Amino acid sequence: MVPSPSPDSFRARLLRGDILAGSFLKTPTLHGAEILGMLGFDFLIVDEEHSPFDRQSTDAALFAARATGAAGLVRVQSAQPHHLLSVLDCGAAGVLVPHVASAALARQVAAACRYKGGRRGYSGSIRAAGYGGGKMWDYIEAADAAATVVAQIEDPEALDEIDAIAATEGIDALFIGRGDLTAAMGAPTNDAPQIRDAVDRIAAAAKRAGKPVMVFVGGMKEAEWLRGVGATAFVYSSDQGLMKQAAARALADLRSLGAA
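Residue numbering for the sequence shown is 1 to 260, as defined by this note's numbering.
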């Protein structure tokens with residue numbers, strides 16, 4: 001049986017501007033998703049673009065996130081329709097699509113992620129459809145209402161079309177990709193003046209279109225800055241980053257015993 005979308009679903013909470021806490025999953029196991037989900041993170045993003053996830057390990061991580069009540073999203077390898085379809089069929093709450101640099105690509109992405117008015121391929125036997133047995137159109141209604149489509153803005157050329165991208169029907173939110181913007185623009189840091197200007201332009205376009213903004217942050221100073229420009233969904237570090245931070249602190253504590 002396919003559950004109906006809840007007013008407390010990830011997409012509903014994102015669209016109404018709730019403050020949401022998430023993290024990236026970089027290690028292709030289900031344990032990171034389970035641990036962070038158990039801690040209470042609102043959402044987790046499986047990073048297929050920059051981590052060694054395949055379809056099987058993505059499926060396992062999404063299953064673990066679902067078991068804890070955390071929304072499992074996937075940063076897909078590319079905007080190709082088959083990459084979007086595979087993770088939505090696995091039950092992803094949404095997709096984070098890298099390098100959406102034009103309104104034309106934004107429209108293609110939106111169409112690939114929804115059935116009605118779109119081009120998403122149908123199967124009734126997948127996890128997202130309750131493994132069969134339900135009514136086709138009930139599932140389609142529920143799937144279209146629940147799928148969250150986030151366009152990652154990380155290319156300088158995207159800034160020239162940012163209003164059109166933001167206004168694209170079926171694009172639910174914009175993710176500001178400061179890392180790639182910094183590299184592409186040759187900026188010294190990801191909060192240099194030209195990056196701050198790009199952030200402001202993206203956030204302003206999202207506000208004009210009535211779309212929420214998602215961001216990656218490495219700490220609270222960045223989170224406070226980006227909250228100030230309108231971001232409401234924050235991706236804090238990753239499973240690997242959090243493990244490294246905690247391990248570094250533990251190691252420093254233990255090393256201090258020898259210095260006493």
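Cβ coordinates follow ideal geometry from the N, Cα and C atoms, glycine included.
Just so it is clear, the structure is predicted and the values come from calculations on it, not from any experiment.
Looking at the backbone, the Cα of Thr232 and that of Tyr131 are separated by about 34 Å. Of Arg16, Ala204, Phe216, the smallest CA-CA separation from Ala164 is found for Ala204.
In chain order, Ala64 place their CB closer than 8 Å to the CB of His31, counting only its own chain and leaving out the 5 sequence neighbours on each side. Between the alpha carbons of Arg178 and Lys135 lies a distance of about 43 Å. For Ala65, no beta strand (DSSP E) run applies; the uninterrupted alpha helix (DSSP H) run containing it begins and ends at 55-68, by DSSP. Segment contact: the stretch 111-122 against the stretch 56-75, fewer than three CB-CB distances shorter than 8 Å; contact not assigned.
Nearest to Val229 by C-alpha distance, out of His82, Ser51, Ile195, is Ile195.
Per DSSP, Ala158 is not a residue of any beta strand (DSSP E), being assigned neither H nor E. Going by C-alpha positions, Ala173 is about 10 Å away from Arg11.
As summarised for the stretch 216-253, the continuous alpha helix (DSSP H) elements at least 4 residues long and confined to that stretch are 220-228, given in chain order. DSSP, read as helix, strand or coil, puts Thr29 in coil. The beta carbons of Ile153 and Ile140 sit about 29 Å from each other, so the pair does not count as a contact at 8 Å.
Beta-bridge annotation (DSSP): Asp180 is not paired with any residue. Taking all protein chains in view, the Cβ of His50 is surrounded by fewer than 16 other Cβ atoms within 10 Å, so the residue is classified as exposed. Taking the C-beta atoms as reference points, Thr168 is found no nearer than 8 Å to Ala248. A straight line joining the alpha-carbon of Val76 with that of Ser23 spans about 15 Å. Ranked by Cα distance from Ile202, the first of Met38, Ile45, Pro156, Met243 is Pro156.
A straight line joining the alpha-carbon of Ala209 with that of Gly170 spans about 12 Å.
Between the C-alpha atoms of Gly133 and Ala61 there is a straight-line separation of about 25 Å.
Residues of the same chain with a CB within less than 6 Å of the CB of Ala206, apart from the 5 flanking positions on each side, are Ala166, Leu174, Val213 in chain order. Each residue's CA atom was taken as its position, placing Gly241 and Leu25 some 10 Å apart. The shortest CA-to-CA distance from Ala21 to any of Asp239, Val235, Ala246, Phe216 is the one to Val235.
Around the beta-carbon of Gly17, fewer than 16 other beta-carbon atoms lie within 10 Å, marking it exposed.
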